Structure formats: C-alpha cells, structure tokens
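Below is one structure; the comments refer to it alone.
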Amino acid sequence: MPFLNDVWYAAAWADEVADGALLARTIAGQPLVFFRAASGALTCLLDRCPHRFAPLSRGKLTDHGIRCGYHGLEFSGSGECVTNPHGPIARALRVRSYPVTERHNMVWVWLSEQDPSRAQIPDLSFVTETPPTAFSKGYMHGAANHLLLVDNILDLSHADYLHPETLGGGSVTRTRAQVEERPGSIFVAWHSPNEIPLPIWRPHLPDGHERCDMWTEVEWFPCGVMLLRAGAAPVGQAPEQGFDTMNAHIMTPESSATTHYFYCNSRNYLVADAEYNARMAVGLRYAFECEDKPMIEAQQQRAGEIDLLEQHPALLSVDVASTKARRMFERLLSSEARTN
Amino acid sequence: MPFLNDVWYAAAWADEVADGALLARTIAGQPLVFFRAASGALTCLLDRCPHRFAPLSRGKLTDHGIRCGYHGLEFSGSGECVTNPHGPIARALRVRSYPVTERHNMVWVWLSEQDPSRAQIPDLSFVTETPPTAFSKGYMHGAANHLLLVDNILDLSHADYLHPETLGGGSVTRTRAQVEERPGSIFVAWHSPNEIPLPIWRPHLPDGHERCDMWTEVEWFPCGVMLLRAGAAPVGQAPEQGFDTMNAHIMTPESSATTHYFYCNSRNYLVADAEYNARMAVGLRYAFECEDKPMIEAQQQRAGEIDLLEQHPALLSVDVASTKARRMFERLLSSEARTN
Amino acid sequence: MPFLNDVWYAAAWADEVADGALLARTIAGQPLVFFRAASGALTCLLDRCPHRFAPLSRGKLTDHGIRCGYHGLEFSGSGECVTNPHGPIARALRVRSYPVTERHNMVWVWLSEQDPSRAQIPDLSFVTETPPTAFSKGYMHGAANHLLLVDNILDLSHADYLHPETLGGGSVTRTRAQVEERPGSIFVAWHSPNEIPLPIWRPHLPDGHERCDMWTEVEWFPCGVMLLRAGAAPVGQAPEQGFDTMNAHIMTPESSATTHYFYCNSRNYLVADAEYNARMAVGLRYAFECEDKPMIEAQQQRAGEIDLLEQHPALLSVDVASTKARRMFERLLSSEARTN
Numbered sequence: 000m001p002f003l004n005d006v007w008y009a010a011a012w013a014d015e016v017a018d019g020a021l022l023a024r025t026i027a028g029q030p031l032v033f034f035r036a037a038s039g040a041l042t043c044l045l046d047r048c049p050h051r052f053a054p055l056s057r058g059k060l061t062d063h064g065i066r067c068g069y070h071g072l073e074f075s076g077s078g079e080c081v082t083n084p085h086g087p088i089a090r091a092l093r094v095r096s097y098p099v100t101e102r103h104n105m106v107w108v109w110l111s112e113q114d115p116s117r118a119q120i121p122d123l124s125f126v127t128e129t130p131p132t133a134f135s136k137g138y139m140h141g142a143a144n145h146l147l148l149v150d151n152i153l154d155l156s157h158a159d160y161l162h163p164e165t166l167g168g169g170s171v172t173r174t175r176a177q178v179e180e181r182p183g184s185i186f187v188a189w190h191s192p193n194e195i196p197l198p199i200w201r202p203h204l205p206d207g208h209e210r211c212d213m214w215t216e217v218e219w220f221p222c223g224v225m226l227l228r229a230g231a232a233p234v235g236q237a238p239e240q241g242f243d244t245m246n247a248h249i250m251t252p253e254s255s256a257t258t259h260y261f262y263c264n265s266r267n268y269l270v271a272d273a274e275y276n277a278r279m280a281v282g283l284r285y286a287f288e289c290e291d292k293p294m295i296e297a298q299q300q301r302a303g304e305i306d307l308l309e310q311h312p313a314l315l316s317v318d319v320a321s322t323k324a325r326r327m328f329e330r331l332l333s334s335e336a337r338t339n
Numbered sequence: 000m001p002f003l004n005d006v007w008y009a010a011a012w013a014d015e016v017a018d019g020a021l022l023a024r025t026i027a028g029q030p031l032v033f034f035r036a037a038s039g040a041l042t043c044l045l046d047r048c049p050h051r052f053a054p055l056s057r058g059k060l061t062d063h064g065i066r067c068g069y070h071g072l073e074f075s076g077s078g079e080c081v082t083n084p085h086g087p088i089a090r091a092l093r094v095r096s097y098p099v100t101e102r103h104n105m106v107w108v109w110l111s112e113q114d115p116s117r118a119q120i121p122d123l124s125f126v127t128e129t130p131p132t133a134f135s136k137g138y139m140h141g142a143a144n145h146l147l148l149v150d151n152i153l154d155l156s157h158a159d160y161l162h163p164e165t166l167g168g169g170s171v172t173r174t175r176a177q178v179e180e181r182p183g184s185i186f187v188a189w190h191s192p193n194e195i196p197l198p199i200w201r202p203h204l205p206d207g208h209e210r211c212d213m214w215t216e217v218e219w220f221p222c223g224v225m226l227l228r229a230g231a232a233p234v235g236q237a238p239e240q241g242f243d244t245m246n247a248h249i250m251t252p253e254s255s256a257t258t259h260y261f262y263c264n265s266r267n268y269l270v271a272d273a274e275y276n277a278r279m280a281v282g283l284r285y286a287f288e289c290e291d292k293p294m295i296e297a298q299q300q301r302a303g304e305i306d307l308l309e310q311h312p313a314l315l316s317v318d319v320a321s322t323k324a325r326r327m328f329e330r331l332l333s334s335e336a337r338t339n
Numbered sequence: 000m001p002f003l004n005d006v007w008y009a010a011a012w013a014d015e016v017a018d019g020a021l022l023a024r025t026i027a028g029q030p031l032v033f034f035r036a037a038s039g040a041l042t043c044l045l046d047r048c049p050h051r052f053a054p055l056s057r058g059k060l061t062d063h064g065i066r067c068g069y070h071g072l073e074f075s076g077s078g079e080c081v082t083n084p085h086g087p088i089a090r091a092l093r094v095r096s097y098p099v100t101e102r103h104n105m106v107w108v109w110l111s112e113q114d115p116s117r118a119q120i121p122d123l124s125f126v127t128e129t130p131p132t133a134f135s136k137g138y139m140h141g142a143a144n145h146l147l148l149v150d151n152i153l154d155l156s157h158a159d160y161l162h163p164e165t166l167g168g169g170s171v172t173r174t175r176a177q178v179e180e181r182p183g184s185i186f187v188a189w190h191s192p193n194e195i196p197l198p199i200w201r202p203h204l205p206d207g208h209e210r211c212d213m214w215t216e217v218e219w220f221p222c223g224v225m226l227l228r229a230g231a232a233p234v235g236q237a238p239e240q241g242f243d244t245m246n247a248h249i250m251t252p253e254s255s256a257t258t259h260y261f262y263c264n265s266r267n268y269l270v271a272d273a274e275y276n277a278r279m280a281v282g283l284r285y286a287f288e289c290e291d292k293p294m295i296e297a298q299q300q301r302a303g304e305i306d307l308l309e310q311h312p313a314l315l316s317v318d319v320a321s322t323k324a325r326r327m328f329e330r331l332l333s334s335e336a337r338t339n
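In structure tokens:
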C-alpha cells in the first residue's frame, strides 16, 4: 500500500520538537529526525548518516547543525556536511533535507521532490486561537493502516456503539449523513434537530432541555487531516447560543500498518474552566486509546495485510463518505504515479 | 500444512462458554466467536463482522444474538443480520454460522460445508460420569504443530525420561507397544505384568507390593482427540481390584504452529478425596506445562516451518503408532481434497 | 549473507562450559551443545536429537556422554548412539560431532568438513598470562551482523564520539591510521606522539604530564577475532615505561543478524589493584553495552536486511581497514565456495 507524496504530512506537535531536542519519527516509511537548529530554524533530515547509516537522532545538536554520534560527521540544516573530522568533504557526504514548516502548533514535513509551494496545509487556526483552558491535545500510536483510522472518523455512527456513555447516544445513527465531495476534500455532516444530546453534554444543559438541536461536521483532507465540528443548542435557537466544539483528528502514516494519530479539542463553553478542561482531556484520551484504538487494531488484524476494501466488505449507507475519501485517495496516488 | 475439515473439533471446555460470555478462539485458522444465545442455544459464528471486519467478540450479546461493537449490526445465531440501524438489510449482511454442539462437557465445532450428521465425536462419557472429587481438567496453549503434540502421547515412553519422578519409571520403555490400526482410529497399548509402579502410585499401594501389573492404552481419533487409560493392580489380580485412570488429551490446531491443548483426568481410587484430587491436578498441570510443553516447543523450533517427518528423522520402534496416525491423517486430508 | 566455514570460531569463555553444564549456543546458524564429558573431554554436538529433533541441551550428562531428555537416546562425545532403550542402534542414530578445543581460556569450534589441523587460532596468550587483578572479561549478545561489530573496532575513531568521557578524547581522529594487509589478517595502527591521553588514563599519569605518546594497534583475524593493544607513555619515553593494555574483541556470528561478542582486557599498570580492576571492568562493560551496542543495533536497523556495504554508504579515510577486512572476508568466502 503506497503513500501519497505531494502532501504536507503532520509530523509532530510543535512542542515535541523542543529546543535542544532530537525527535526521531518515521513518516510514510522515511526515518526522519526533527530539531530546531541553533539559528532557531526548524529542520528535518533523513535520520541516517550517509557514512555508516547510524541514526543522526542518536547524535548531538551543534552550533552548525547536527553531529553524528558515531564518527562525528557534522551536517547543516540543509544536509550539507560541514565538518568531516577525518578528511575532506566529498560530495557524497550529504544527507537529504526535507522542507518543514510550523503551523497551527504542528510541525509539517514535505517528502516529495515536487515544489511544495502550491500545496495547502488545511486551516486549523482554532488550535492557536483557543485559550489553553478550553483546549487539549494528544498523540497516540496505532497499529493499523491510516485509512482505517480515517474511515473511523468519516463514519461517526460508530460513536453510538463504541462510545455509548460519552460521545454516542444514537443521534448520529438516526440522522442521515449529507456527504459532499469538494475540491480536495470530502465533507460529511449530520444535522439533527430536536435530538437527545450527547451524554457528555447532558449535565451542562439548562433544566428542561431534554432535547436539543445538534450538528456534527467532518472534513477530510488528504493525507489524513480531519476537522470535526460538533455542537448542540436549545431547540430552535441559533448555534451561537449553544455548545460548539472544534476538533482535529490527524492520521499520518508511519508504515502501511502503523499510524501516528494526533488529536485535539477546543470548545466555546466553560472556556475558563481548567478543571473541566482536564476532565474532558482525560475522557477523550480514554475514548480514543481504550475504545477506538483496540477496535481498529483488531479490525486491522482481521483484515491482515490485504487492504480491507479489496476484501469485499459489505458496505452500508454510512460508508458513503469513507468510500468517497478512499476513491479520492486512489485518484491522487494514480495522479502522482503519472507525474513522478 | 493444511487442516482436516470434516471433523468435529473440540473448541472449548463447556464452562469457558459461560452464560453471557463471548469466547474468541481461532480453530484451524478460522477466527470464531462462541456464545450461548438468549434462547440458551450454543452458537458459533465467524468472528468477523461482514461490514468492517471488526471481531464480533468485541461486541455484546443481545436478546436476538450478538451486536457488533463497532457500528451496531446485530446478527442472529444463524448468522442472519436482524438489525441494521443504518438502513435495509442487504443479502451480503450475513456472517457464517458453524454447527456446534456440546458433549462430554466440551464445545465441538464443525468447520466444513459437508453434512456433520454422519461424523462421530469420540466417546468421552467418563468426563461427565466421574464425581468432581475424582476429576480435573485443564487448558494449555502450545507453540507447536498439533501433530507434534499427538506424537507425544502416542509414544508414552517419553514419560520415562521427561517425567521420571511422576509419570515415568521405565515400565513403558521396557514394554513392547501393541499398535492396532482400527477403522477411524489408532490404538496403542502397553501391558506390563509384574512391573515397578509409576512414582505417583507407589505411596498408595498396599505394603509389600513393590511390583504390580500395569496397563496403559491410548486411542487417537482424528483430529486430535486422544483417550488414555492407565492403571495398576497387585500382581495377578484383576484390574478392577487396582487403580484405574481415564484421561483425555485433545489437541486442536489453532494455526499450523500453535495448538489448543485440552486435558482431563479421572480415577477410580480415593474417589472422594478432594485434597488428593487437587494435588493430582497440580501435578499433572506441572508435567504438561513445565515438562511437555517446553520440550515440544523446543522440538518445533528445531524443526522450523517444515514438517518434522519430511526432514527424515531417525525413526525408532516407539514411533510405530505416531507414524500410523500421521499416515491416516494424510489419507484423510487426501480424501477431503478429492471430495471438496 | 553466508558464513565462513574453515575457521575456528570462538564459541564460549571456558568457564561457560563448567563441569556438569550443558551450554546451548548457535554458531553461524548451527545449533550446538557444548559440555565436558565424564572423561573430561570438551565436546560439541549438534543440538538436535536425530530421532525427534529435541535439543540435546535439554537432556542430561551421563557417564558415556549425553542422554536426550525426551526419549532417552544416549550419545557419546563422538556423536555415536551408545544407548537406545527402545531397540537396536541403527546407523541413522548418530548426531554430528564437531572438533572443539580449549585455548586461551576460550572454547573454539570447527564447523567445516575440512581438516582443521592447518587452521590457526590467533594467539591470545595474554589472556592466561595476566594476573586476575589485571584482567576482566565479558560476553554480550548483539542484534547486528558480526561484520558491523568488526567495522566498529577497525575504526577506533568512533571512540572520540561514542565514548568521549572514557576511551575517546580526539587523539585517534587526529592521527592518520596506518593500515597493513598481512597474510591472513588486517592490521591497523594509530601512533600518536605528544597527544592528550585518554580520559581513563589521565588520573593515573604523573603530575605535569598533560600530554603523552600513545599507541593503538588492532589486528583482525577472520572470522571475528580482534587483538587490540593500546597504551601511553610519558612523551619521549619508551613504551615499557608507560601504560600498556592488551584486549581481545571477538565477534562470532550467531545468525546473519545476531552476534556473540566476547571481550577482555588486560593491563601492565596497577596490576595488583583489584578494586581498580573491578572499576575498569564496569567501565568497559558500560561502554560496550550502553554505548556501542545501541548504536550498532540502530545502524543494523537502518541498514535492514541488505548488507550495509551493498547500499553504497559514503566511505571515509577511516574506513580503509574495515574495507580491506571485508574484501579479505569476501575472498575467503569465494575460496571456500570453490573448494567445497
């Protein structure tokens, strides 16, 4: 199962690449090392010294870049060898450097030889615009193909069965999804007027509001960036008068069978309540790590090494969005194969 | 190494499929889920939802069958979809159901498409006829091909070397095995008049009985059901006046390199002695888990992925029974290949 | 990646094959068992009973050899079956026996069918000539191809980066290696007059000796035996007036991806200081297990299953010795392929 190349991959939360840190992370099969150079420049190099293949991430940051911990070759942030303690600097003494940028509190890397300037990073500006007491984030490693994790969010009816005490409740199942193919993304929405609110919201509704109007909207951008908005308002009132949350779920392939999963949550209610924020963070972490992850990893084990969709699963109405996303993914792969 | 199809496989001790339980177990490469339906009917389904391949064993029992824990599809015990919360029930929404029966305190499953009605489950009626204080049973997972575990019991001379302080003592080695090919089974017997009794029996013999008449008989039924009778009587007396034990050793393949091993033991002496019974259970568990299992797993590692018998081991007289069993197994495999 | 055959492999420190012990160790892909027979003769047999492939190392020593723990076949040190409790001793009942010898406190084994008498074991006589208070030794298992471990010692410039606080210090990097191809070995020397002494030696130099003359010499003998001499003397004085150490580093392949690593150290200073000796042993163990081993295992992971040198790494001047050693290794492999 090949990977997309001409995309910005979310590689890390920005604070994972702290000053002085060397973060080793494999993205789409490429072993990479991320660090901030002495100049402050965010840097990504192939995590493999060209001399003896030692991981540079086992080396040390220097004033001029990074020094291999095995025999002392030093490379600048552009991958040029700047010091060879053992002799002249031959042309072969260079390591591949990757375009890398920091946006929305995340580190993004570009693996392709193509020009990245025309490629878009999806707008996650809510990440930096939310006060810390209304925001939480996490990272999870998953032993499943990244597309199985994407499928999971494009069909949120799963929440009614996998997270019935927290994020489920039946409303998504009872609501027909509206799926829209947009240029460069797939959008799916569940608009549920006069519905039973999600369990996590029930304690916070005004008395007498046993039902409310709810909305859930997901947009998927290849490769693996997903925006999820969900909220509820008293029946008949404008959304602005209700609860609203904006979330990101980002699935970056590590290998064809493993995935880096980044998630975050922001909200417009109890915005200054740090204690509620902490409880919400724990609850989401529990749902993702203890409910989603084991189910999807078990699904991967049952599917084995052959892509699930090639094994003729029975498709339901709830699979429309994920099927469209996989088709778009395949078209992008084919298009890259023709270009490269 | 293929598996037999047209046989009843012992899948579990009956109490492993308790009311309300979902038992996930792979038999001969098939991932299965066993449960007792609300109606009480013992049920076995393929443990893979046809929708997204989630294991049904991660779901929940319902009044009508089992509900997938991922998106809520509900299947009856016959594998029909009875609820699709997301739309109509298409024909593809069914999961394979397997004939399953409970006999001799075990759950048996039939994996083949053939009619099971003419196939026999070997008679293990001693299992339900023995009082609890004279009976013990166990389950062990083994990292070895099931036929290596069968070989082990068809050549009980191994007890003289692997279990010298408990089940050995030299008498089996000193006795010529009588091997008999029967319709549908292989039978092997060691009849040892005037022999040194097994170490486990010595403390219980009347004074002055340093020697006794002993018998050990094993019958193997494909696939993997083995009956083992062993006993001892004072020299010259009838067997009824001595110790007699009836045992089952059942090797059900999980994969070509792993095996479910079920064993049980019953006896006709100290029948009401619960304390002795508990000590015997511990002793047998020790012999099987700490002596047999490591040796056979090591043997599997030395043999590797190629069947041991294809690697031209040196055969001894003690291998007659296991060789006949493997030939019968091969004939059954060939016969199934022609039929199916 | 094939192994050399016509060499004496270092298999164990002599004390690993204690009286009464059965040492199971795989050398160059062959599972072997080492023991001392009742006669005292050091013995090596294939660790696989010809009957059912049980490891003989799970058996017991006897007066006449070793008895298989599974069915009691007994083999002499020459691999002949001397007891078959189950019948006559057929010709097939033999296990391969390997020439084995004890020298320099190590057990050496010969895997080839060729005559070993003309093959040399490198001279490690310092091992038995050093008093115990000036000697230490160790064993380490490494998850890397043996040649990567050889490369490590043939290019000691790595010490300046991987062991900067103990064995490094920059002098090897600043010194041009003299590499010499000898009949049957590769020799490399770093002679460093008027240099900064190694960190481990600094506390022991007389006052006012901020610099000294240093020497480091390594000789590699296939397969995997390396002698390492390193020392330092006050500037302009004869080596005899300084510190001198003799070391062995021995890399015996277990499989193509794992290696048995034996090392030892002797010295000519503080010869009676047991406390210093113990500290030195801990320090070396730390350097090898906590600095070398993780780096080389990481290098192996980056290289994967293809030999590093076939992946066109950038070679430096410091790689001259290891390149010559690998060429000699390849020539020996080719020569064996023609002969055998």
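Protein chains in written order, with numbering that gives the first Met the number 0: chain F, 0 to 339; chain Y, 0 to 339; chain G, 0 to 339.
Each residue gets a CB set at the ideal place from its N, CA and C atoms; glycine is no exception.
Small disclaimer: the values here were computed from a predicted structure and weren't measured.
Quick one, are the C-beta atoms of G303 (chain F) and T165 (chain F) less than 7 angstroms apart?
No, these two residues do not count as a Cβ contact at 7 angstroms.
Could you give the C-beta distance for V99 (chain F) and T42 (chain F), rounded to a whole number, given that I count them as a contact under 8 angstroms?
So it is a contact: roughly 7 angstroms between Cβ atoms.
Give a yes or no on whether 7 angstroms exceeds the smallest Cβ distance from P163 (chain F) to chain Y.
Judged by the 7 angstroms Cβ criterion, P163 (chain F) is not in contact with chain Y.
Mind listing, in chain order, the continuous alpha helix (DSSP H) runs of no fewer than 4 residues lying wholly within the region 86 to 130 of chain G?
Qualifying alpha helix (DSSP H) stretches, in chain order: 125 to 128.
Give every residue of the same chain whose Cβ lies closer than 6 angstroms to the Cβ of A231 (chain G), excluding the five residues on either side of it in the sequence, and list them in chain order.
Cβ within range, chain order: P196, W200, C211, M213, G241, F242.
Chain G partners of T172 (chain Y), CB-CB under 9 angstroms?
Here the neighbours are H70, G71, P84, H85.
Which residues bound the beta strand (DSSP E) around L283 (chain Y)?
From DSSP, L283 (chain Y) is part of no beta strand (DSSP E) but of the alpha helix (DSSP H) over 273 to 285.
Using C-beta distances below 7 angstroms, list every residue in its chain close to R93 (chain G), excluding the 5 sequence neighbours before and after it, in chain order.
Only P49, G78, E79, C80 meet the Cβ criterion.
Give me the Cα-Cα distance between H85 (chain G) and L147 (chain Y), rounded to the nearest whole angstrom.
Looking at the two C-alpha atoms, the distance is approximately 19 angstroms.
Given P130 (chain Y), which residues of its chain have a CB within under 8 angstroms of its CB, disregarding the five upstream and five downstream residues?
So the list reads V270, A271, once near-sequence residues are dropped.
Could you round the C-beta distance between G223 (chain Y) and T251 (chain Y) to whole angstroms and report it? I think they count as a contact, below 8 angstroms.
Confirmed, about 6 angstroms.
Run through chain F and tell me which residues come within less than 8 angstroms of M294 (chain G), C-beta to C-beta.
Going along chain F in sequence order, the residues near M294 (chain G) (Cβ under 8 angstroms) are A53, R57, G68, Y69.
So S254 (chain Y) is in the beta strand (DSSP E); what residue range does that whole segment cover?
242 to 254 is the span of the beta strand (DSSP E), which, as asked, contains S254 (chain Y).
May I ask whether a heavy atom of the ligand SAH can be found less than 6 angstroms away from the beta carbon of S333 (chain Y)?
In the structure shown, the ligand SAH is absent, as is every other ligand, since no ligand is present at all.
According to DSSP, simplified to helix, strand and coil, what is P1 (chain G)?
If DSSP states are grouped into helix, strand and coil, P1 (chain G) belongs with coil.
Which residues does DSSP list as the beta-bridge partners of K59 (chain F)?
BP columns for K59 (chain F) point to F:R66.
With DSSP run on the structure shown, which of helix, strand or coil describes A142 (chain F)?
Looking at A142 (chain F) - three-state DSSP - the assignment turns out to be coil, as it is neither helix nor strand.
Does the beta carbon of A297 (chain Y) sit closer than 7 angstroms to a beta carbon anywhere in chain G?
So, interface residue.
Can you tell me whether DSSP reads L227 (chain Y) as helix, strand or coil?
Correct three-state label for L227 (chain Y): strand.
Bridge partners of P30 (chain G), per DSSP?
According to DSSP, P30 (chain G) bridges with G:T25.
Name, going along the chain, the residues of the region 207 to 228 of chain F whose beta-carbon falls closer than 9 angstroms to a beta-carbon of chain Y.
Taking 9 angstroms as the Cβ-Cβ cut-off against chain Y, none of the residues of the region 207 to 228 of chain F qualify.
So, do the region 119 to 135 of chain Y and the region 253 to 272 of chain Y have three or more beta carbon pairs nearer to each other than 8 angstroms?
Yes, they touch.
Name, in chain order, the residues that DSSP records as bridge partners for C289 (chain G).
DSSP lists no partner for C289 (chain G).
Please confirm whether S191 (chain Y) and T172 (chain Y) have their CB atoms less than 7 angstroms apart.
Not in contact: S191 (chain Y) and T172 (chain Y) (Cβ atoms no closer than 7 angstroms).
Name, please, each residue of chain G whose Cβ falls closer than 9 angstroms to the Cβ of R24 (chain F).
Near R24 (chain F) there are no residues of chain G at all, since even the closest Cβ is about 14 angstroms away, more than 9 angstroms.
How big is the Cα-Cα spacing for P293 (chain Y) and F287 (chain Y)?
Using only the alpha carbons, I get a separation of about 9 angstroms.
Is there a Cβ of chain Y sitting closer than 7 angstroms to that of H140 (chain G), yes or no?
Not closer than 7 angstroms to any Cβ of chain Y, the Cβ of H140 (chain G) fails to qualify, so no.
Between which residues of its own chain and K59 (chain Y) is the CB-CB distance below 6 angstroms, once the five residues before and five after are set aside?
Excluding residues within five positions, the ones whose Cβ falls inside 6 angstroms are R66.
For S333 (chain F) and chain Y, any beta-carbon pair shorter than 7 angstroms?
Not one chain Y Cβ lies under 7 angstroms of S333 (chain F).
With the cut-off set at 7 angstroms, would you say W7 (chain G) and I120 (chain G) are in Cβ contact?
Contact: yes.
At the level of alpha carbons, what is the spacing between H145 (chain Y) and A297 (chain F)?
Straight-line Cα distance between these residues: approximately 26 angstroms.
In terms of residues, what are the limits of the beta strand (DSSP E) holding A336 (chain G)?
First-last for A336 (chain G): 319 to 338, but that is the alpha helix (DSSP H), not the beta strand (DSSP E).
Could you pull out every unbroken alpha helix (DSSP H) segment of at least 4 residues lying fully inside the region 167 to 206 of chain G, listed in chain order?
The region 167 to 206 of chain G contains these whole alpha helix (DSSP H) runs: 170 to 173.
Applying a beta-carbon distance threshold of less than 7 angstroms, which residues of chain Y neighbour A302 (chain F)?
Going along chain Y in sequence order, the residues near A302 (chain F) (Cβ under 7 angstroms) are F52.
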